[in-house]
Every structure is written in structure tokens, then in C-alpha cells.
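Read the structure below first, then the notes.
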Amino acid sequence: MLDRIACAPCCWGVEEASHATNPSWGKVLMDASDSGFRGIELGPDGFFPEDPELVKSAFRVRGLQVCAGKVQVPFCDSANMSAILEEVDTVCQRLDSLGVKNLLIMEGIHTERYGYIGQNVTAPRLNMENKRTMIVNLERIIRVASQYGLRCLLHPGIGGYISYKDEIDFVMSQIPGTKLGLCIDIGHVFLDGMDPLGIIRQYGSRIEHIHVKDISTDKLRLAIRDKLEWVDAYSKGLITPLGDGDIKLQQVMSALKAADYQGWIVVEHEHGTADVSQVSRDLKRSRDYLAQIVA
């Protein structure tokens with residue numbers, strides 16, 4: 001597993017491609033390489049340059065691989081699905097030009113799901129009609145990606161309508177593993193009231209990509225009490241360097257080994273709007289801790 005430890009641009013606060021506070025993409029690559037990572041995700045489309053040869057050269061110089069790309073779109077928005085599929089197609093073209101094989105697909109953020117961190121019981125849900133629409137549209141996205149030889153991996157995440165266990169179970173029951181794999185975010189699983197070890201045991205054969213973060217349960221309790229949106233919770237220190245929080249990450253890595261996991265392990269340490277000047281220090285600490293527990 002040591003040669004499959006990666007990171008993602010969100011560690012530097014890159015949530016949107018052109019946000020004014022983003023560091024340069026060159027800075028991100030330099031920090032990732034200097035911290036000992038072997039790979040990095042592309043993050044939001046447009047953060048890295050469009051020229052594939054430039055990107056491949058920059059990654060090669062830094063000893064990094066592109067381990068995945070992603071799209072985050074509303075799966076239930078049939079009215080705008082033509083435009084959404086065009087967006088997916090554009091991302092797929094870019095990934096294909098870079099030789100990337102995995103596309104992480106995330107449900108878009110919905111304002112009515114904000115403020116429900118750790119509140120899986122009370123969070124609003126889709127009705128059955130909208131859930132069926134979501135599956136139809138997911139399969140349309142998968143078909144677009146398959147034209148480029150890309151493997152779609154569902155990334156359940158905070159703020160979308162595929163986040164909690166009942167929602168994950170529904171999608172997995174409707175779309176077979178031959179079409180759709182899983183990217184599990186250990187931190188999101190923990191935040192949304194699930195047992196990471198149980199998820200790995202249940203879906204080990206479908207998990208093909210892992211995001212790992214650590215969580216402060218003290219900060220989580222405050223986020224639940226104050227019904228914080230995820231960006232605010234991140235800014236208040238919800239996410240910690242690996243090993244400083246309360247997730248039993250060594251047990252998680254042991255469970256992945258038992259499941260014969262072969263994919264990337266991607267460190268994600270979102271800082272929200274907090275000062276990210278210590279990103280390099282935190283990343284190095286997280287990478288070194290992860291290397292110890294996967295060795």
C-alpha cells in the first residue's frame with residue numbers, strides 16, 4: 001500500500017477551480033511531492049491546465065501519478081441533464097487524454113441538506129420517484145464515461161442525496177458492480193453515523209478507491225449542536241491530521257488489507273475557510289502516519 005498513498009487538491013482549500021484563494025497548481029504538486037506522496041487527484045475540473053502534455057510532464061517531474069478525476073453534479077436534475085452530460089463528457093475527454101482510468105462521481109450539493117452533519121436520522125430524503133430518476137441519470141453518466149474506457153466510482157458525500165447508509169445501499173442494490181464501483185471516504189462515513197469497518201466488510205469487493213481523513217469527535221459534537229454547514233465545521237477544526245482524531249484508522253487499514261484492497265489511499269484534510277498556511281506540515285504528518293500503519 002505504501003506506493004499507493006496520494007492526496008487531493010482539497011487539502012489546499014481547492015474546492016472550486018478558479019477561486020481567488022487557490023494556490024497555484026505548481027505549488028500543489030510541489031507540496032505533494034515534497035510530502036512524500038506518490039499520486040494526486042485532479043480536483044475540480046479546470047484547476048490544472050488543459051494541455052495534457054504539460055500536465056503529464058509536470059507530474060512526471062515531481063514523481064507523481066494522476067490517480068483519479070471527479071465530477072460533482074445533481075443526479076436528480078433531469079431538466080438540465082443534457083448540460084450535465086456535456087460537462088461529464090468534457091471531464092472524461094480530459095481524463096482520457098491523461099491516461100486516467102477512474103472517474104469519481106459525486107451527487108451535487110443541495111442547500112436543504114446543509115447543516116445535517118452527523119444527523120442521519122433527521123436529514124431530508126428523496127422520495128421514491130426522485131430516487132428512481134437518480135438511478136436513471138446515474139446510468140446515463142456511466143454510459144458517457146464508459147465511452148472513454150473510464151470506470152465510474154460512486155463517492156457518497158456530505159450535502160448530496162447519496163450520503164447516508166440507506167442511500168448508499170439503495171444505489172448499490174440498483175446498479176451492479178460491473179457498472180459502478182465505490183469510492184469510500186472514511187471521514188464522511190464516520191461523520192454520517194456509519195461504522196467504517198462495517199462498510200468495508202459489506203462492500204469490500206466494490207471499494208476501488210479510498211479517501212481517508214481523521215475526525216475530532218469533540219468538534220463533531222459542536223457541529224451537530226450548532227447545525228453547522230460543512231465548510232464552517234471544517235474551518236473550526238473538524239478534520240485533523242491523521243492520527244490526531246478519533247477514527248480508529250489502524251483498524252480501517254487492517255480491514256482494507258483483509259479485503260485485499262488494491263487501490264489508492266487518498267489523504268483529504270479539508271481546511272474550509274481556515275488558514276491553510278500549515279498545509280505542508282499537516283500533509284507530511286498525515287502521510288508519515290499513514291505509512292506507519294499500512295506498512
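Residue numbers (my numbering): 1 to 295. Backbone N, C-alpha and C define an ideal beta-carbon position, used for all residues, glycine too.
The criterion of a C-beta distance shorter than 8 Å is not satisfied by Leu-249 and Asp-288. The straight-line gap separating the alpha-carbon atoms of Val-91 and Gln-72 is approximately 11 Å. Between the alpha carbons of Val-266 and Val-88 lies a gap of roughly 22 Å.
For the pair Leu-29 and Leu-2, the Cα-to-Cα distance works out to about 19 Å.
For Glu-167, the closest C-alpha among the options Pro-124, Gly-177 and Pro-9 is that of Pro-124. CA-to-CA, the gap between Asn-120 and Gly-159 works out to about 11 Å. In the structure shown, Ala-17 adopts coil according to DSSP, grouped into three states.
Looking at the DSSP output, Asn-102 shares a beta bridge with Arg-151. Annotated three-state conformation of Glu-208 is strand, per DSSP. Two segments are said to touch when three or more pairs of C-beta atoms, one from each, lie closer than 8 Å; by this definition the region 216 to 236 does not touch the region 162 to 176.
About 7 Å separates the beta carbon of Ile-175 from that of Glu-139, a gap short enough to meet the 8 Å contact definition.
For Gly-198, the enclosing alpha helix (DSSP H) stretches over residues 196 to 203.
Here the alpha carbon of Ile-40 sits roughly 10 Å from the alpha carbon of Arg-4.
The beta carbons of Leu-191 and Ile-207 sit no closer together than 8 Å.
When DSSP states are grouped into helix, strand and coil, Ala-68 belongs to the coil group. For the beta strand (DSSP E) assignment, the uninterrupted runs of no fewer than 3 residues enclosed by the region 202 to 270 are, from N- to C-terminal side, 207 to 212 and 265 to 267. Residue pairing of Glu-107 in beta bridges, as defined by DSSP: Val-73. Taken through DSSP and simplified to helix, strand or coil, Asp-51 comes out as coil.
The C-alpha of Val-14 is placed about 22 Å away from the C-alpha of Glu-53.
Excluding its 5 nearest sequence neighbours in each direction, Gly-263 has C-beta neighbours in its own chain below 6 Å: Glu-208 and His-209, listed in chain order. DSSP lists Ile-40 and Val-267 as the beta-bridge partner residues of Cys-7.
Counted as a single uninterrupted DSSP element, the alpha helix (DSSP H) harbouring Ile-168 occupies residues 165 to 174. In the three-state DSSP reduction, Gly-187 falls in the helix class (H, G or I).
By the CB criterion at 8 Å, Leu-98 and Val-55 fall inside the cutoff.
Residue burial annotation: Asp-31 is buried, with at least 16 other C-beta atoms found within 10 angstroms of its C-beta. DSSP, read as helix, strand or coil, puts Gly-115 in coil. Scanning its chain for C-beta atoms nearer than 7 Å, with the 5 sequence neighbours on each side dropped, one finds around Gln-251 the residues Leu-197, in chain order.
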